[in-house]
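**Q**
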Amino acid sequence: MVKAIVGANWGDEGKGKITDLLAEQSDVVIRFQGGANAGHTIINDFGRFALHTLPSGIFSPKATNVIASGVALDIRKLVSELKAVEDAGVPTPRLLVSERCQVLMPYHVLLDAYEEERLSDKAFGSTKSGIGPFYSDKYAKIGFQLCELFDDALLKERLEKVCALKNAVITGLYHKPALDPLELFAELLEQRELIRPYRADTLTFVREALDADKSVLLEGQLGTMKDPDLGIYPMVTSSHTVAAYGCISAGIPPAQLREIVAVTKAYSSSVGAGPFVSELFGDEAEKLRRRGGDKGEYGATTGRPRRVGWFDAVATRYGVQMQGATEAALTCLDVMGYLDEIPVCVGYEIDGKVTRSFPTAPLLDRAKPVLKTMPGWKCDIRGCTDYNALPAQARAYVDFLEAELGVPIKLVSTGPKRHENAVRRP
């Protein structure tokens, strides 16, 4: 059986924790898109971790972890991350990296930084991890699959051709030093040896696992609003953040994807630029930001303060629908315990008209939130694992959000640790 864990919103919903939890019962955990430009924060018996490329199933002794073909593979970052996890006392995880996965090149990082510098105050807010240039090259068919690193003649020939193209931009547009294909070749030979133990035919591995009725968990990065087709374009990421893409990346027939868990917070948060209708500012935002997550709302990769706002039912309902979610998991409910009243964005007012449908980005820039206020519970519920023991106001808040989303909220997270959850529905 195949299940997907995806973000309903802008990312940062707490997917890593939910994946870590469900990985305990999974045979295979597959990271299916994105790169090291965002992180999943996980707290369990081994400690606190911010994973960037490794699948969040690496803490489960049962699971085999797979990095699928849709991931932007930064080899040095992956190996460094794996070493850090092992140094923290985590048993060496079973890890397979698809030989069809494409490699993030050193010049992708340079080009990312150069372009942000050129755009100046109109920059996209990139993490400068090379993700945009990487996916641009992938779809322009000038990227490098991992398998190509193991063919010296092919690799050297392709590097010379690609460097000629890149240098025209680097020297002509950005006025930066040209790339040396021989230096790149030597660097990639080193990276090849680092990744060699993990290279695998993951398509065959996953197919055989499904034939043997193994449980497979697909793990996405970021959320619906960052999808290049369905999100707040152009302030999006460069890979598809929806569960459907997990089937493509992992080589799984779509009909075998039976359950899709859309993760959403009890409030809203976002890293990066773009429209964010329910956003808070000033002291009100800072109060929520300080209490959010497990150490405040700051990016796991960048450390940047996240933008925060009230729960946006319009955006989240849309996110749930575009993901094809069969259920939702609500995280960070405990964060809201300081509030007397909790506003929820239930509609957008655009040019004097109220809508409950999520519009395109140009209209979002003109949208104002329509708020409905729910009573707060004014107490600490952190770590509560009995849903019926939660205050009536907290349960009413969850009931209201479920009605807005249109899918059952089955799991409610009451803290950042793996088992700080209350099961609402079996």
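Numbered by this note's numbering, the letters in the sequence shown go through residues 0 to 425 in order.
Virtual Cβ for every residue (Gly too), placed ideally from N, Cα, C.
Every value quoted in this text rests on a predicted model; they were computed, and no experiment measured them.
1. Comparing alpha-carbon positions, which option in THR52, LEU410, ALA421 lies nearest ALA388?
2. May I ask you to check if the CB of GLU283 is nearer than 7 Å to at least one heavy atom of the ligand GDP?
3. Under a Cβ-count criterion, where at least 16 other Cβ atoms within 10 Å of its own Cβ denotes burial, should SER435 be classed as buried or exposed?
4. Extract the residue ranges of the beta strand (DSSP E) inside the stretch 85-112, only unbroken runs of 3 or more that lie entirely within it.
5. What does DSSP give as the partner residue(s) for ASN36 in the beta ladder?
6. Beta strand (DSSP E) containing GLU218: first to last residue?
7. For GLU218, does the count of other Cβ atoms within 10 angstroms reach 16, so buried, or fall short, so exposed?
8. Quick check on the burial criterion: 16 or more other C-beta atoms within 10 angstroms. Buried or exposed for GLU12?
9. If we call anything under 8 Å between Cβ atoms a contact, is VAL215 one with ASP26?
10. Closer than 8 Å is the cut-off here; do at least three beta carbon pairs connect the stretch 46-56 with the stretch 226-238?
11. Considering only C-alpha positions, which residue in the set GLY291, PRO425, LEU110 is nearest to ASP385?
12. How about the stretch 323-335 and the stretch 376-383: do they share at least three Cβ pairs that are nearer than 8 Å?
13. Run through the stretch 332-393 for me and flag every whole beta strand (DSSP E) of 3 or more residues, listed as ranges in chain order.
14. Can you have a look at ASP136 and say buried or exposed, based on whether 16 or more other CB atoms are within 10 angstroms of its CB?
15. In chain order, which continuous runs of the beta strand (DSSP E) of length 3 or greater are located wholly inside the stretch 148-224?
16. Only counting runs of 4 or more residues, tell me where the alpha helix (DSSP H) segments fall wholly within the stretch 12-61, in order along the chain.
17. Would you please state the rounded distance, in angstroms, between the beta carbons of VAL276 and ALA366? I believe it to be under 8 Å.
18. Report the three-state DSSP secondary structure of VAL78 (helix, strand or coil).
19. Looking at the unbroken beta strand (DSSP E) that takes in THR263, where does it start and where does it end?
20. Can you tell me which of PHE357, PRO92, ILE141 puts its alpha carbon nearest to the alpha carbon of ILE349?
21. Kindly indicate the opening and closing residues of the beta strand (DSSP E) around ARG429.
22. By how many angstroms is the C-alpha of LEU77 removed from the C-alpha of ALA83?
23. If contacts are defined as beta-carbon pairs under 8 Å, then LEU154 and LEU187 qualify, I think. What distance do you get, rounded to the angstrom?
24. According to DSSP, simplified to helix, strand and coil, what is SER268?
25. Less than 8 Å separating the beta-carbons of LEU202 and GLY250?
26. With distances taken Cα to Cα, identify the nearest neighbour of LEU109 among VAL168, LEU95, ASP311, ILE57.
27. Classify LEU145 as helix, strand or coil using the three-state DSSP reduction.
28. Spatial neighbours of SER59 within its chain, please: CB distance less than 6 Å, with the 5 preceding and 5 following residues excluded, ordered by chain position.
29. Report the rounded CA-to-CA distance for ARG195 versus GLY34, giving the unit in angstroms.
30. Would you call the CB atoms of LEU329 and SER267 closer than 8 Å?
31. Would you call LEU404 buried or exposed, if buried means 16 or more other Cβ atoms sit within 10 Å of its Cβ?
32. Please state whether the Cβ-Cβ distance between VAL397 and ILE4 is less than 8 Å.
33. Report the residue from LEU178, LEU118, GLN190 whose alpha carbon sits nearest the alpha carbon of GLN101.
34. Excluding sequence positions up to five away, which residues of its chain have a Cβ less than 6 Å from the Cβ of CYS162?
35. Does any CB atom of chain C fall closer than 8 Å to the CB of THR126?
36. Here's a check: name, in chain order, each residue in its chain whose Cβ is nearer than 6 Å to the Cβ of PRO227, leaving out the five neighbours to either side.
**A** So, to answer that:
1. The shortest Cα separation from ALA388 among THR52, LEU410, ALA421 belongs to ALA421.
2. As for the ligand GDP, it is missing from this structure, which has no ligand bound.
3. The structure shown does not extend to residue 435, since the chain is modelled only from 0 to 425, so the question has no answer here.
4. Taking only runs of at least 3 residues, the beta strand (DSSP E) segments lying wholly in the stretch 85-112 are 93-97.
5. In the DSSP output, where bridge partners are listed per residue, ASN36 has none listed.
6. Per DSSP, the continuous beta strand (DSSP E) segment holding GLU218 begins and ends at 215-218.
7. Burial of GLU218 is indicated by the presence of at least 16 other C-beta atoms within 10 angstroms of its C-beta.
8. Under the 10 Å beta carbon count, GLU12 is surrounded by 16 or more other beta carbons and is classified as buried.
9. Against a cut-off of 8 Å, the Cβ pair of ASP26 and VAL215 comes out as a contact.
10. The answer is no - the stretch 226-238 does not touch the stretch 46-56, with fewer than three Cβ pairs under 8 Å.
11. If we check each option's Cα against that of ASP385, PRO425 comes out closest.
12. Short answer: they touch.
13. As far as the stretch 332-393 is concerned, its whole beta strand (DSSP E) runs of at least 3 residues are 340-349, 352-354, 367-374.
14. Residue burial is scored here from C-beta neighbours: ASP136 has at least 16 other C-beta atoms within 10 angstroms and is therefore classed as buried.
15. Within the stretch 148-224, the complete beta strand (DSSP E) runs of at least 3 residues are 215-218.
16. DSSP runs (the alpha helix (DSSP H)) wholly in the stretch 12-61: 14-21.
17. Indeed they touch by this definition, with Cβ atoms about 5 Å apart.
18. Under the three-state reduction of DSSP, VAL78 is assigned to helix.
19. Where THR263 is concerned, the enclosing beta strand (DSSP E) starts and stops at 256-264.
20. Closest option to ILE349, Cα to Cα, is PHE357.
21. Here the chain has residues from 0 to 425 only, and residue 429 is not among them.
22. Linking ALA83 to LEU77 through their CA atoms gives a straight-line distance of about 10 Å.
23. That pair is a contact at about 6 Å.
24. Note: SER268 maps to strand in three-state DSSP.
25. Result yes, Cβ atoms of LEU202 and GLY250 sit closer than 8 Å.
26. Residue nearest to LEU109 within the set VAL168, LEU95, ASP311, ILE57 is VAL168 (criterion: CA-CA distance).
27. Looking at LEU145 - three-state DSSP - the assignment turns out to be helix.
28. Here the set comprises ALA22, GLU23.
29. Each residue's Cα considered, the two are about 19 Å apart.
30. Contact flag unset, no.
31. Classification of LEU404: buried, given that the 10 Å Cβ count is 16 or more.
32. Cβ atoms of VAL397 and ILE4: not closer than 8 Å.
33. Measuring from the Cα of GLN101, the nearest candidate turns out to be GLN190.
34. Result list for CYS162: LEU178, PRO180, in chain order.
35. In the structure shown, chain C does not exist; there is a single protein chain.
36. VAL235, listed in sequence order.
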